[in-house]
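Have a look at the structure below, then the notes.
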């Protein structure tokens, strides 16, 4: 229901306020006894036993107000508070007026519906009309501070200040004011989403991914878990790749997504790419227990230089092994070649990642395996190569699995610190705040994610869990809201600009 609530304050100087309060005190003091009681006192020369205690109390209140005024603790002002409602139909306007009266009187305030004074009351509610409306009782400035509508429900920014575009999405709220949600606070769009399993996290991530496409030139990269974003990805015409292979075995058609075959050495004819490949292979060897001695680095670099001149389809790990002059290195890299447990992922003679604007990688079946670190490291490298200043969204679902992987968590920390400069935003979602709190990258997550979304959690008021929420800047009132929120329907957003 639309309405306008205005509060006008005509401030009084100390001299005028003293006169007003003295007059009020005198009037109430005089009402303590009736005329008949005063006459009876004069005739009988005896003080009346019965007095009007209400008038005596109001006189005492006026005396206390004078004392506060004299001590310069508060000031006085003529206050006029006006609520205006309207409608094209007189009957509907009258019903709105009744509802407003009911709400105001329910808060123990006196409400008067204007009739003859309606025009004057309306004029008095407009800025600049100082003297219209005779209803202006004197009120202390302390009471004025309590009653004046200085704050309102935070509705979120009217636009994404960084993109100069509409908000990411609009959310329905418990009140009448919808919520405008934008990722960016300033030029930082990193966002943390935390809440227990089954509380609506995956649906929110899919919605945010779909909505991000509204920004011109936007591209999205996501690390999914459990296939929760597959439908949204395919609906946007994007590529959904099953890194673990467990979710596409039953759906081999391309319409249902696909497995992935990577060719990390395809671009080693470029010097910079060859340097990266040497470091990447060194990480694999370290994971296999091989020490990176100068001889090992020399063998790798020599083999890469030889492979760089080969045709594109021959720049594979199998091709590299054929050129290595060390049997120990060949044995260490064998699991990542065709015939080994991870050859399906990393030893392809052609790559099918594509160049669509939406690319999602399914990590179920990969995280925790021996190839996870090497596969993810290569994908990070590919993603970073596509960060060209376009609006970019990086989504990491089930972040607790990421935090358990040292290489992935280190990459996440690096992304949170540097991707802002490349116009990229990271959305990090996890089932538990304790996973972040116990992680070595906890300070980076807390400092670099100015936007945080908390899912309903009825256990949030338990002492141990409440302490974790407090570490993320939530007070007891906010924690109680999260505990009472409806699962899969409500979310609590915390930013530097406001909370909703």
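In the numbering used here, the protein residues as written are 171 to 670.
Backbone N, C-alpha and C fix where the C-beta goes; we use that ideal spot for every residue, glycine too.
Item	Value
With 16 other Cβ atoms within 10 Å as the buried cut-off, status of residue 568	buried
8 angstroms contact criterion, which residue 384 and residue 435 should meet: CB distance rounded	Actually they do not touch by this definition, with Cβ atoms about 38 angstroms apart.
Same chain only: Cβ atoms within 6 angstroms of residue 460, ignoring 5 sequence neighbours per side	502
Where residue 681 falls: helix, strand or coil (DSSP)	With the chain covering only 171 through 670, there is no way to say anything about residue 681.
Span of the alpha helix (DSSP H), counted from its first residue to its last, around residue 212	205 to 214
Proximity winner among 606, 175, 238 and 537, relative to residue 317 (alpha-carbon distances)	175
Burial state of residue 659 (16 or more Cβ within 10 Å)	exposed
Close-in-space but distant-in-sequence residues of the same chain around residue 523 (CB under 8 angstroms, 5 per side omitted)	409, 411, 430, 432, 529 and 552
Sufficient close CB pairs (3 or more, under 8 angstroms) joining the stretch 272 to 288 to the stretch 226 to 246	no
Minimum C-alpha distance to residue 200 - residue among 190, 179, 448 and 228	228
CB contact flag (residue 159, residue 518, <8 angstroms)	Since the first and last residues shown for the chain are 171 and 670, residue 159 lies out of range.
Buried/exposed call for residue 387, threshold 16 Cβ in 10 Å	exposed
Classification of residue 279 by the beta-carbon crowding that lies within 10 angstroms, buried from 16 upward	exposed
Beta-carbon proximity of residue 359 to residue 353, cut-off 8 angstroms	yes
Residue interval of the alpha helix (DSSP H) (run including residue 274)	260 to 276
Counted within 10 angstroms of its Cβ, other Cβ atoms place residue 256 as buried (16 or more) or exposed	exposed
Nearest-angstrom Cα separation, counted from residue 474 out to residue 441	10 angstroms
Test item: CB-CB of residue 606 and residue 627 under 8 angstroms	no
Unbroken stretches of the beta strand (DSSP E), 3 residues or longer, contained in the stretch 377 to 459	389 to 394 and 409 to 412
Run of the alpha helix (DSSP H) containing residue 178, from where it starts to where it stops	Segment 174 to 182 is the beta strand (DSSP E) holding residue 178; no alpha helix (DSSP H) there.
Straight-line gap, residue 334 to residue 315 (C-alpha atoms, nearest Å)	36 angstroms
Nearest-angstrom Cβ-Cβ length linking residue 638 and residue 629, presumed shorter than 8 angstroms	At roughly 11 angstroms, the Cβ-Cβ gap does not stay under 8 angstroms, so residue 638 and residue 629 are not in contact.
Residue of 493, 470, 469 and 468 minimising C-alpha distance to residue 480	493
The stretch 293 to 308 in contact with the stretch 172 to 188 per 3-pair CB rule at 8 angstroms	yes
Helix, strand or coil at residue 666 [DSSP, three-state]	coil
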